[in-house]
Each structure stands twice: as structure tokens, then as C-alpha cells.
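Inspection log for the structure reproduced underneath, given as C-alpha cells.
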Amino acid sequence: MDSDKCKADILIVTTQNLDAFQNEGYNSVVNTLTKFSVPANKLSIDPNGVDTTYIRNVLYRNNDEGRYKAIVFPNGRVSYNSGGDQWVSAIRPDQWLLFDEYSAVTGSRIVYLNEYPSNNTATELAYDFKGDQASNFKIAQKISFPEDSSSFIEDLKDIELNTQDTWHFPAKIEDESKYKVDGFDSVEPLLYFESAGETIPEKTIAAVACERQGSIYAGFFTSFGSWSKTAAALNIYWLTWALNTDFSKISDAHISTEKALDMSSDAPKSIKLALLSLVVSTLLVIFVTF
């Protein structure tokens with residue numbers, strides 16, 4: 003799945019191979035794409051960065067026509083450990099703007115998985131969590147969809163989704179007056195975390211769809227594991243959102259959403275703590291990209 007090796011509507015932008023923990027988000031996405039015959043290409047970013055011209059050549063054909071209808075970042079903001087607790091994105095701020103420009107010009111959509119609430123999505127943590135932060139972020143919560151969700155995902159609404167054994171960050175959307183000043187045209191919920199006792203007494207935001215200066219992108223505030231049925235279902239969700247069509251039209255095998263969900267199953271959870279290092283990198287790579 004190296005970049006530009008096959009005809010595909012989807013580009014995966016990720017880090018180079020790290021350890022098994024760091025690769026979980028990428029593995030989850032690839033498992034879904036492979037199982038349901040969805041072609042995609044991959045752009046791996048070296049820890050030392052990548053040339054801007056190279057990124058542009060991956061995104062555009064020689065006639066400046068966009069190659070991809072959707073771009074997904076499965077492992078957060080493409081970050082590497084630069085020593086100690088310091089994590090740095092291998093993509094420079096000006097290069098992030100290139101992806102936003104691509105979305106605005108071509109109408110493609112961008113998806114960020116394992117995202118942390120920040121000014122990148124006009125969001126922030128819903129609560130100032132106390133006590134053991136690690137435990138708080140792993141509290142099991144049910145995941146639900148907005149009432150006005152796309153008809154493409156009706157089958158998803160019928161299954162139980164939860165955050166069992168996965169890192170996630172209950173968020174809230176900034177006041178409209180603030181995010182409008184920051185250049186956002188709209189910020190809408192894509193998913194919710196349901197309340198969870200005294201620690202999280204209210205429904206919070208699990209994913210958002212943002213429009214900003216012509217670019218359209220989504221951020222999912224939860225980690226993805228290759229063993230997780232919930233992650234497999236959410237992969238189907240972001241695919242239908244990103245390509246704005248029914249899943250059967252995304253799958254080369256024309257597999258329906260209902261059948262895809264039936265084919266997904268929980269693998270043994272021997273690696274259920276695999277996303278610990280990933281969450282640390284996410285927490286420590288919060289920066290302004292716009």
C-alpha cells in the first residue's frame with residue numbers, strides 16, 4: 003500500500019513502522035480496508051520529515067487534479083518521540099496547511115483518528131479530570147450517534163458501541179462565537195460518549211465534523227485497536243462519512259454495511275493495553291496547525 007501504487011480513492015498518511023503499540027491505529031484501518039476490499043494507498047512520513055514538493059506530488063496529478071477523495075491519519079498527528087516525553091509531528095505546520103488546501107480545492111474529506119481535543123477541531127476536554135488521569139480516560143462509555151446522522155449508517159445505530167479498554171477523550175465544542183473568530187464555518191458532532199457515573203455525568207462529544215475555510219475534516223477522540231469490534235464499526239462510519247456514500251459502493255466486493263458488521267468480530271483482547279504509548283504521544287503533541 004505504498005503511495006501511488008494502485009488506483010484508490012483513499013490515502014493513508016502515517017508514521018513509519020514503530021512498535022506494535024504505536025501501529026494499532028494503522029492496523030485497525032488496514033484490517034477493515036483489506037477485509038472488505040477497499041483499495042487505498044499509503045504515505046509513510048519519515049521521522050526527519052518530508053519534502054513539501056513530495057507531498058504535493060502524492061496528492062496531485064501532473065494536471066493539478068486531486069488523486070484522492072479521502073485522506074485518513076490513523077495514528078494521530080504523525081508524531082515521533084524526540085527524547086524523553088517529547089513528541090513532535092514529522093509534518094510541519096505549513097505542510098498541514100497543504101492538506102487543508104487540498105481538501106478545500108478538491109472537495110475531499112480528511113479524517114483524524116486518535117485525535118485529542120484542541121484548537122485544531124475547535125474542541126477541548128469536557129471536564130478537568132481529577133485523580134488518576136489514566137484511569138479517567140479509560141472509563142467505559144457507550145458511543146451513540148446524533149439523531150440526524152446520515153442514512154448511510156442506519157445499520158450502525160442498531161449495534162452497541164463502547165469504549166471498553168480503549169483510550170478516549172470526552173470533549174466539548176467551543177462556543178460558536180469563539181470558533182467563528184478562529185475561522186471555522188461550522189463544527190458539528192459526529193459521535194457522542196454517553197454519561198458514565200459521577201466522573202462523567204453528562205453526554206460528551208466523541209467525534210466532530212469541521213468546516214474551515216473550505217476544508218472539511220473530522221476528528222475522532224478515541225483510539226482504534228485492531229482487536230476491537232467497536233473500532234471496526236467506526237472504521238465503516240468514517241469511511242461512509244469521508245466518501246459520502248453507502249459502504250457497498252466503497253467496497254470493491256459491494257459488501258453492505260449490515261454484512262460488514264456481521265463479518266466483524268472481536269479478536270482476543272491480549273493487546274487491550276496496546277494504546278498506552280499512543281495516548282501519551284497524542285497528549286504531548288498538541289500544537290496549532292492552522
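Taking the numbering used here, the leading residue of the sequence shown gets 3, the next gets one more, and so forth. Backbone N, C-alpha and C define an ideal beta-carbon position, used for all residues, glycine too.
Query: Distance between ASN65 and TRP169 (C-alpha atoms, nearest Å); Result: 42 Å
Query: Backbone secondary structure at PRO49 - three-state DSSP; Result: coil
Query: Cβ pair LYS44, THR16 closer than 8 Å; Result: yes
Query: Whole-angstrom distance between LYS261 and PHE131, CA atom to CA atom; Result: 39 Å
Query: LYS224 and ALA235 closer than 8 Å at C-beta; Result: It should be noted that the sequence gives Thr, not Lys, for residue 224. No; because the gap between Cβ atoms is not below 8 Å, this pair is not in contact.
Query: Buried or exposed by the 16-neighbour rule on C-beta atoms within 10 Å, applied to ILE238; Result: buried
Query: GLN143 classed as buried or exposed, judged by whether at least 16 other C-beta atoms fall within 10 angstroms; Result: buried
Query: Range of the contiguous beta strand (DSSP E) that encloses SER91; Result: 88–91
Query: Those residues which DSSP pairs with TYR114 across a bridge; Result: PHE75, GLY221
Query: Min CB distance ASN64 to chain D below 8 Å; Result: Of the chains in the structure shown, none is chain D; there is only one protein chain.
Query: Where ALA10 falls, given that 16 or more other Cβ within 10 Å makes a residue buried; Result: buried
Query: Span of the alpha helix (DSSP H), counted from its first residue to its last, around ARG58; Result: 54–61
Query: Top-ranked residue by Cα proximity to LEU158, from PHE249, PRO49, ILE141, LEU61; Result: PHE249
Query: Beta-carbon gap between ALA74 and TYR82 smaller than 8 Å; Result: The residue asked about is misnamed: residue 74 is Val in this sequence, not Ala. No; because the gap between Cβ atoms is not below 8 Å, this pair is not in contact.
Query: Collapsed DSSP secondary structure at PHE195 in the structure displayed; Result: strand
Query: Buried or exposed by the 16-neighbour rule on C-beta atoms within 10 Å, applied to ALA255; Result: exposed
Query: Whole-angstrom C-beta distance between GLN97 and ILE57, which should lie under 8 Å; Result: 6 Å
Query: DSSP state of TYR82 mapped onto helix, strand, coil; Result: strand
Query: Spatially closest choice to SER228 from ALA244, SER266, ASP102, by CA coordinates; Result: SER266
Query: Rounded distance between the beta-carbons of LYS180 and TYR194, thought under 8 Å; Result: Not quite, the Cβ-Cβ distance comes to about 21 Å (not below 8 Å), so this is no contact.
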